[in-house]
Amino acid sequence: MKSKPCLVSGDDFDELVVSNNDVVLRNIAEDLRNRLPIEAMFSSEHQAVQKMHQHPLPMIHVDAFLYDDDDVDSLCEEGKMSRSYCTECGSYKTASLEFISHSFSLMELKFLYHHVLPDLTGKVVVDVGSRLGAVLFAGYLYSSASQLYGVEMNADFCQLQEIMITKYEFIDRIKVVHADICTQPSLLQKADVVVMNNVFEYFLDRQEQARAWEFIACNVRKRGSLLVTVPSLEESLSKLQTGVQLSQWVEEVQLNYDVYVEKDVDREALEQIHLYKIL
Numbered sequence: 001m002k003s004k005p006c007l008v009s010g011d012d013f014d015e016l017v018v019s020n021n022d023v024v025l026r027n028i029a030e031d032l033r034n035r036l037p038i039e040a041m042f043s044s045e046h047q048a049v050q051k052m053h054q055h056p057l058p059m060i061h062v063d064a065f066l067y068d069d070d071d072v073d074s075l076c077e078e079g080k081m082s083r084s085y086c087t088e089c090g091s092y093k094t095a096s097l098e099f100i101s102h103s104f105s106l107m108e109l110k111f112l113y114h115h116v117l118p119d120l121t122g123k124v125v126v127d128v129g130s131r132l133g134a135v136l137f138a139g140y141l142y143s144s145a146s147q148l149y150g151v152e153m154n155a156d157f158c159q160l161q162e163i164m165i166t167k168y169e170f171i172d173r174i175k176v177v178h179a180d181i182c183t184q185p186s187l188l189q190k191a192d193v194v195v196m197n198n199v200f201e202y203f204l205d206r207q208e209q210a211r212a213w214e215f216i217a218c219n220v221r222k223r224g225s226l227l228v229t230v231p232s233l234e235e236s237l238s239k240l241q242t243g244v245q246l247s248q249w250v251e252e253v254q255l256n257y258d259v260y261v262e263k264d265v266d267r268e269a270l271e272q273i274h275l276y277k278i279l
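Going by full-length UniProt numbering, the sequence shown opens with residue 1, and the numbers climb by one from there.
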């Protein structure tokens with residue numbers, strides 16, 4: 001007796017594809033973890049390391065793409081990481097460490113591509129400061145963007161991204177550009193979506209940040225194109241002296257941060273993501 005073929009509905013197939021893409025992203029994260037120190041920073045990131053040391057309170061870099069809360073808990077249990085620091089050596093006075101990430105988590109990436117951005121079929125995405133490539137890899141798996149460009153100044157991170165692109169066969173739609181974004185006007189001018197996640201504050205001094213933002217505002221000008229930032233443009237520019245007039249450049253698009261109903265969703269992290277349409 002022949003067995004009946006297993007029929008999968010359209011919704012079930014879509015769910016299966018999404019679930020498989022989650023697995024691929026997690027595999028990439030594991031690959032990267034094995035190639036990086038726990039703090040996921042290179043000694044070549046001189047400015048970022050210095051800025052973290054100058055922060056008024058102790059801070060630790062935990063890359064959200066590589067380590068979720070469960071991973072951090074496991075590392076703490078193993079004594080490889082701590083969530084707190086001693087405020088007075090030898091005493092029981094402790095305080096919570098401030099964590100910072102320069103990458104989106106898997107949850108944030110899914111929010112970005114499933115709920116923030118529209119259908120990207122035929123569109124060009126540019127990730128400014130692509131670092132580990134999380135935005136690029138998720139864009140390849142979760143969207144139909146025709147081309148995803150990562151612009152990264154650090155050669156070590158460019159090399160890591162290239163290794164992953166080759167291993168996971170993403171080369172047909174992802175390209176990494178080892179450059180300062182301020183040398184890439186034509187790339188910004190043709191972009192349909194530009195993503196900027198904590199991109200300048202820890203890597204440039206204030207004068208360089210102001211110059212970079214003015215360059216971005218001058219070249220991200222395609223009407224109707226989209227700009228995704230963390231934190232908001234207002235917050236990023238509030239501490240800088242620039243000639244950028246936000247009201248003449250962009251219009252913020254209100255996002256629905258309640259699309260996830262799971263209990264462990266980090267609503268605060270999602271609220272840091274802002275979407276703007278170029279006027």
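Just so it is clear, CB atoms sit at the ideal spot from N, CA and C, and this is done for glycine as well.
Remember, predicted model here, so these are calculated numbers, not experimental data.
Is the Cβ-Cβ distance between residue i and residue j less than 8 angstroms?
i	j	result
Val-177	Gly-150	yes
Ser-103	Ala-134	yes
Val-128	Met-196	yes
Leu-112	Ile-278	no
Leu-188	Val-230	no
Leu-275	Val-228	yes
Glu-198	Ser-44	Residue 198 is actually Asn in this sequence, not Glu. Against a cut-off of 8 angstroms, the Cβ pair of Ser-44 and Asn-198 comes out as no contact.
Asp-68	Ala-40	no
Ile-174	Leu-136	yes
Ser-225	Val-253	no
Tyr-257	Glu-235	no
Leu-246	Leu-233	yes
Phe-42	Asp-119	no
Can you tell me where the alpha helix (DSSP H) holding residue i begins and where it ends?
i	result
Gln-147	It is not in any alpha helix (DSSP H) - Gln-147 instead sits in the beta strand (DSSP E) that spans 147-152.
Leu-204	Where Leu-204 is concerned, there is no enclosing alpha helix (DSSP H), given that its DSSP letter is neither H nor E.
Glu-252	First-last for Glu-252: 250-253, but that is the beta strand (DSSP E), not the alpha helix (DSSP H).
Thr-163	At residue 163 the sequence reads Ile, which differs from the Thr that was named. Start and end: 155-167.
Leu-36	Run containing Leu-36: none; DSSP gives neither H nor E here.
Ala-64	First-last for Ala-64: undefined, no H or E at that position.
Lys-190	185-190
Arg-267	267-270
Hey, residue i and residue j are a contact pair by Cβ (cut 8 angstroms); roughly how many whole angstroms apart?
i	j	result
Leu-25	Leu-141	6 angstroms
Ala-269	Glu-108	6 angstroms
Phe-65	Leu-160	Incorrect: roughly 12 angstroms between the Cβ atoms, too far for contact.
Cys-242	Ala-191	According to the sequence shown, residue 242 is Thr rather than Cys. At roughly 20 angstroms, the Cβ-Cβ gap does not stay under 8 angstroms, so Thr-242 and Ala-191 are not in contact.
residue 290	Met-164	Since the first residue of the chain shown is 1 and the last is 279, residue 290 is not available in this structure.
Asp-22	Leu-106	7 angstroms
Leu-240	Arg-206	6 angstroms
What first and last residue would you give for the beta strand (DSSP E) that runs through residue i?
i	result
Met-196	193-197
Leu-240	From DSSP, Leu-240 is part of no beta strand (DSSP E); its letter is neither H nor E.
Lys-175	174-178
Lys-277	274-278
Leu-226	226-230
Exercise. For the region 100-133, which segments carrying the alpha helix (DSSP H) assignment without a break, of at least 4 residues, lie completely within its bounds, in sequence order?
Worked result: 106-111
Exercise. For the 8 angstroms Cβ check, are there 3 or more pairs between the region 177-189 and the region 200-217?
Worked result: yes
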